[in-house]
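Be aware that the sequence shown starts at 360, since it is given in the numbering used here, and climbs by one per residue. Notes follow the structure.
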Amino acid sequence: MTETLTAPAMQDLSAPEKIVAQMTPQEKTDLLSGFGMWKTAALERFGIPTTTMTDGTYGVRYSIPQIDGDEKGGEDLDAFLNMVNQRASDVAVAWGEMKPATCFPNGSAMGNSWDTGLMRELGELLGRECRAMGVHMLLGPGINIRRTPLAGRSYEYYSEDPVVTGKLSAAVIEGIQEQGVGTSLKHFACNNSEIERTSMDSVVEERALREIYLKGFEIAIKQANPWTVMSSYNRLNGVQASQDPWLLGDVLRGDWGYEGIVVSDWHGIKDRPASLLAGGDLDMPESPRRKAQLLEAIENGSLPADVVDRSCVRMLEFIAKALAGAETPAPQIDQAAHHARARAMGTQSMVLVKNGGALPVRADAKRVLVMGRDAETPVIQGSGCATTIPTMIDSPVDELRSVLPGAEIIQRTEADAEAMEIAKTADVILAYVSTEGAYDGEGSDRTTLALGPGQDEMIRALAASGTPVAVIVACPDAIEMPWIDAVDAVLVSFYSGQAMAGAVADLVSGKVSPSGKLSVTFPQQLSDVPGHLSYPGELGRHMYSEGVHVGYRGYAARGMAPLFAFGHGLSYTSFAYSDLSVSTSEITLDGALEVSFTVTNTGDFAGREVSQIYLAAKGRQLKRSTIELKAFAKTPLEPGESRRVTLTVTGRDLAVWHPGQGRWVLEGEEAELLVAAASDDIRLRAPLTLMPSLLPWRRVAYDTQPAYVLPNPHARGVIRDFLSARCGITADEADRALEHCANSFFGIFTTLERRLRISITEEETTEVIARINAAMDAAEAAL
360 MTETLTAPAM
370 QDLSAPEKIV
380 AQMTPQEKTD
390 LLSGFGMWKT
400 AALERFGIPT
410 TTMTDGTYGV
420 RYSIPQIDGD
430 EKGGEDLDAF
440 LNMVNQRASD
450 VAVAWGEMKP
460 ATCFPNGSAM
470 GNSWDTGLMR
480 ELGELLGREC
490 RAMGVHMLLG
500 PGINIRRTPL
510 AGRSYEYYSE
520 DPVVTGKLSA
530 AVIEGIQEQG
540 VGTSLKHFAC
550 NNSEIERTSM
560 DSVVEERALR
570 EIYLKGFEIA
580 IKQANPWTVM
590 SSYNRLNGVQ
600 ASQDPWLLGD
610 VLRGDWGYEG
620 IVVSDWHGIK
630 DRPASLLAGG
640 DLDMPESPRR
650 KAQLLEAIEN
660 GSLPADVVDR
670 SCVRMLEFIA
680 KALAGAETPA
690 PQIDQAAHHA
700 RARAMGTQSM
710 VLVKNGGALP
720 VRADAKRVLV
730 MGRDAETPVI
740 QGSGCATTIP
750 TMIDSPVDEL
760 RSVLPGAEII
770 QRTEADAEAM
780 EIAKTADVIL
790 AYVSTEGAYD
800 GEGSDRTTLA
810 LGPGQDEMIR
820 ALAASGTPVA
830 VIVACPDAIE
840 MPWIDAVDAV
850 LVSFYSGQAM
860 AGAVADLVSG
870 KVSPSGKLSV
880 TFPQQLSDVP
890 GHLSYPGELG
900 RHMYSEGVHV
910 GYRGYAARGM
920 APLFAFGHGL
930 SYTSFAYSDL
940 SVSTSEITLD
950 GALEVSFTVT
960 NTGDFAGREV
970 SQIYLAAKGR
980 QLKRSTIELK
990 AFAKTPLEPG
1000 ESRRVTLTVT
1010 GRDLAVWHPG
1020 QGRWVLEGEE
1030 AELLVAAASD
1040 DIRLRAPLTL
1050 MPSLLPWRRV
1060 AYDTQPAYVL
1070 PNPHARGVIR
1080 DFLSARCGIT
1090 ADEADRALEH
1100 CANSFFGIFT
1110 TLERRLRISI
1120 TEEETTEVIA
1130 RINAAMDAAE
1140 AAL
């Protein structure tokens, strides 16, 4: 008689602590380690199946052999490296090995939409495609700050600004997770370059960390609560990010209260027990060596049992959510409908940076010359783990013929003699160009901001024909435009996905008015980029020398005019701003205010306007950038229509990080709120008083100079009383003695000893300093 074997029933995952209490060290090790390349381990004794994850910040990347064929839990490093190193131009090679998915506009394109509703829809569509493929978690979005336009993975990321980054990524996360699919917010943190990315030490001062590089993560985590956060490859201030107790413990879990799991970037952990102690839960992908390290540490007790069990509980909570999300029937994907939405997203994300009238192409245009190799084979995405096998790809020329039926569309790829003769008789020339994408991408930074070889020369030659030239640029990030004064119009498409050509056609024909605005600054030249002199670092250390003055902040602080400013973008219509009102003229750290204004479409096209609110403040102890983005909104308007826009700004939105006190603060000062169409296009202003949440004086130490002590009435009063008692003089006499110390460049206590010819003991010094700081603490608490 044959015994029938049945799989054990799954235990109740609503009580993960009970399951963990029954687990062996080996089972805990398996649970906290990957199974093969893209799965979590099954726990057969408890009836818990594997869950599947895969890459894709703008499209689902499903490797059939790596996911469906990986039944034994092994790993194939060659296969992984082939995927990482895959060039976007070679996606056809992967047909049959990768499941096609909608290739939506990449992150650097979508960032220009400034549209949280659109980003939420992107998340919903990505989540639906994950569900249809049986994927439980999408490894994205990626939100590292685009500190330099050379960074190889800039095409995946949204902005140089943390507010844009945080708000847009939160919307994507919400959209994906509403479909029952998890997300992994990455790469945490300061993975801003691909050069030596698994070992480079990002050396970043604390203010810049908190205000720039961590802020987007903080916004997204607090608003959208991603199921997982992915630690980055690099070191941060000398500590491996995947093993950093300050980053993963103090900040992520402590300050922000994050309770989800931390997953490593693939092979990003160097010391497995150290990563678990720091707050990292899941080690990906499966590594026999690291699993052995973990098992040994669990068995010999060098890893506290409560730390291990806490991570196991978090993993079971994640698996429970993943399995619950997969319970509903998988949706049927309408590929044509998703393609149409990708096209609409492209139209809202491309940026018209210059227009002298060549766009939109006139309705009576009879002859349009289309130039460039990219009109033949459009550049739609970047290279690396995010590279998606598209379900279809629009043809630039076919799409132009569809939207310009009355014009003869003539295509040439090279500016040869024949093409130049045609150029002279055309009504307009559309030049499709791109950066050189054969090298850069994941694992390789760009080396220049130039277009691909020969393309600058082609544009100049076309401009010399006398016919208006509109340049359509596909690029991962900012480029230099040495020909900008010679051409009539420039439309920057970035990498806009599989429907890029259709979106361009909709914009150049005037079917849709451009509404994208730059989420990064375009420099005049590479050397203008803040931090340029310390990029890419040396001897394994990368100094973030510009501090908080990243991107547009750095240009404004130096009074340097960029080629195109952060927030810049033109439309076929025009917008007027009026009637600014602010609900209060002063704000505290825990306060909030509403900023309201009217935006009117004063032109003849329907359009969408991105309105931006900046704070202009100088800072006192802590120097601010000249302007800092604090809020934004995108408003659709018909011709002649007006709408009232109201945005909320909190005191904590306006705060700066005080490294000395380890907290967010407002320094008391007079500032301004700026309502703008771009960072260099201020439309409305309102005064705002920042009410202090700390005193305007430094804490006192032994060697603090008198110039920083004596203006502080709390410090002066304590020292005056000490001198009066110590020297047997009146308070007035002590105060006059202090005046004689004001010009000393030595520390206050050394100066007092020399001027008054007394000796102050270490105990006395410690007591006086403690009294000063206690008095300041009390005064600060009363603010």
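Glycine included, each C-beta is placed from N, C-alpha and C at the ideal position.
| query | result |
| --- | --- |
| Buried/exposed call for E801, threshold 16 Cβ in 10 Å | buried |
| Short Cβ contact (8 Å threshold) for I620 with R649 | no |
| Alpha-carbon spacing of L337 relative to H1073, whole angstroms | This structure cannot speak to residue 337, because the chain is shown only from 360 to 1142. |
| Segments assigned beta strand (DSSP E), at least 3 residues, entirely inside the stretch 883-959 | 900-902 and 934-941 |
| Residue range of the unbroken alpha helix (DSSP H) whose run includes L1047 | Looking at the DSSP string, L1047 is not in any alpha helix (DSSP H); the run it does join, the beta strand (DSSP E), is D1040 to L1049. |
| Span of the alpha helix (DSSP H) around G575 | K574 to A583 |
| Where D799 falls, given that 16 or more other Cβ within 10 Å makes a residue buried | buried |
| Span separating the alpha-carbon of G539 from that of T687 | 9 Å |
| Chain-order list of residues whose beta-carbon lies under 7 Å from that of E555 (same chain, five-residue window excluded) | G899 |
| Other residues of its chain near E1031: CB distance less than 8 Å, five sequence neighbours each side excluded | L974, A975, A976, R1044, A1045, P1046 and L1047 |
| Three-state class that DSSP yields for E1028 in the structure shown | strand |
| Neighbour-count burial assignment, E816, 16 or more Cβ in a 10 Å radius | exposed |
| Proximity winner among G1087, G705, L866 and T388, relative to G466 (alpha-carbon distances) | G705 |
| D865 - containing alpha helix (DSSP H), residue span | M859 to V867 |
| D371 (DSSP reduced to helix, strand or coil) | coil |
| Contact check, Q740 vs G811, beta carbons under 8 Å | no |
| When P1065, G470, A1090 and L654 are compared against F853, the one with the closest alpha-carbon | G470 |
| Residues bridged to P995 [DSSP beta-bridge criterion] | R967 |
| Where I752 sits in the DSSP three-state scheme | coil |
| V738 versus L675, I752 and A1060, residue with shortest Cα-Cα distance | I752 |
| In DSSP terms, what S543 is bridged to | T587 |
| Through-space distance from G525 to S972, alpha-carbon basis | Looking at the sequence provided, one finds Ile at residue 972 rather than Ser. Cα to Cα, the separation comes out at about 16 Å. |
| Closest by C-alpha distance to N960, when choosing among A990, R1003, I946 and W625 | R1003 |
| With 16 other Cβ atoms within 10 Å as the buried cut-off, status of E905 | buried |
| Proximity to N714 [Cα-Cα], best of G765, H1017, T475 and F923 | F923 |
| Sub-8 Å separation of V1068 and I571 beta-carbons | no |
| Residue span of the beta strand (DSSP E) that contains N503, given as start and end | Premise fails: N503 is in no beta strand (DSSP E) and is neither H nor E. |
| Given 8 Å, three or more beta-carbon pairs between the stretch 496-511 and the stretch 1016-1031 | no |
| Under 8 Å between C-beta atoms of A679 and S754 | no |
| Distance, G1010 Cα to Y931 Cα | 36 Å |
| Helix, strand or coil at A790 [DSSP, three-state] | strand |
| Under 8 Å between C-beta atoms of G890 and S1038 | no |
| Contact belief for A1096 with R1114 at Cβ below 8 Å, rounded distance in angstroms | 7 Å |
| Inter-residue Cα distance where the pair is L1142 and P1051 | 7 Å |
| DSSP three-state assignment for Q707, whether helix, strand or coil | helix |
| Test item: CB-CB of T1120 and P1065 under 8 Å | no |
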